[in-house]
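Accompanying notes for the structure given below.
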Ligand code: G3P
Ligand code: CA
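Numbering (this note's numbering), first residue to last: -16 to 242.
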């Protein structure tokens, strides 16, 4: 009987089912639950600092409506780091999390450098984030603990250029097909990360045949975890990583090695 390796379960925006996404509270929670692989999103502030936030505007996940002005939206790129740091990034999720701040990329590298592996999604093109990310990884000695992801082909191309094989680069796609696989390889990505809805065992095989690693996003249900396992993904992101782990264990335990 050969041992089957389990996919890496990556805490999506931290353990974002339990704590406000992309905050220290959500990353601490992921580590506390035993998940050192943390995914998060970066954008550039007006003064060019890589800040950890998912949306292009601060309105959904911060107190911008009261601190800045009620008339949003407030784009991240229109605010200086000091203005972003003045926002509460936790109270929207629950009173226990009031006082959480938007972290910078460097703060996360500093805080978790010995304990985490970093899956950094670059959300914006044309802001120099690829070079900043690579430089911070190098300065903190973290190339071997980082992967860089993006939906933006131009970002992937730039990341592949600055990485030169020293850290993995993955193309995120909403829909997986042969064209997307070719595009990932052509851009110089090491892997492709489609949303689970478009993943099939046949396409997973095509990804591997092209020499790419395979991950998946958007996994929420046990059926989707089962599909990810059938497709042999290397990893997937999940808002409740502990729930996903229990499902993986149950599904693995249920499957006879002869099936
Ligand atoms: O890791 C991929 C996943 O995070 C992409 O979707 O919208 O959550 O950034 P999103
Ligand atoms: Ca993301």
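No residue lacks a Cβ here, since even glycine has one placed at the ideal position from N, Cα and C.
The DSSP-derived three-state label of residue 48 is helix. For residue 132, the beta-bridge partners assigned by DSSP are 104, 153. The stretch 218 to 225 makes contact with the stretch -3 to 16: 3 or more CB pairs, one atom from each, lie closer than 8 angstroms. For residue 169, the secondary structure class from DSSP, reduced to helix, strand or coil, is helix. In this structure, the alpha-carbon of residue 129 lies about 31 angstroms from that of residue 236. With the rule of 3 Cβ pairs closer than 8 angstroms, the stretch 128 to 143 counts as touching the stretch 155 to 174.
By alpha-carbon distance to residue 232, the top candidate from 216, 219, 208 is 208. Per DSSP, residue 177 is not a residue of any alpha helix (DSSP H); the beta strand (DSSP E) it occupies stretches across 174 to 177. Under the Cβ criterion (8 angstroms, minimum of three pairs), the stretch 19 to 30 counts as touching the stretch 60 to 68.
In this structure the stretch 73 to 81 does not touch the stretch 98 to 110; the number of beta carbon pairs closer than 8 angstroms is below three.
By the 16-neighbour rule on beta-carbons within 10 angstroms, residue 109 is exposed.
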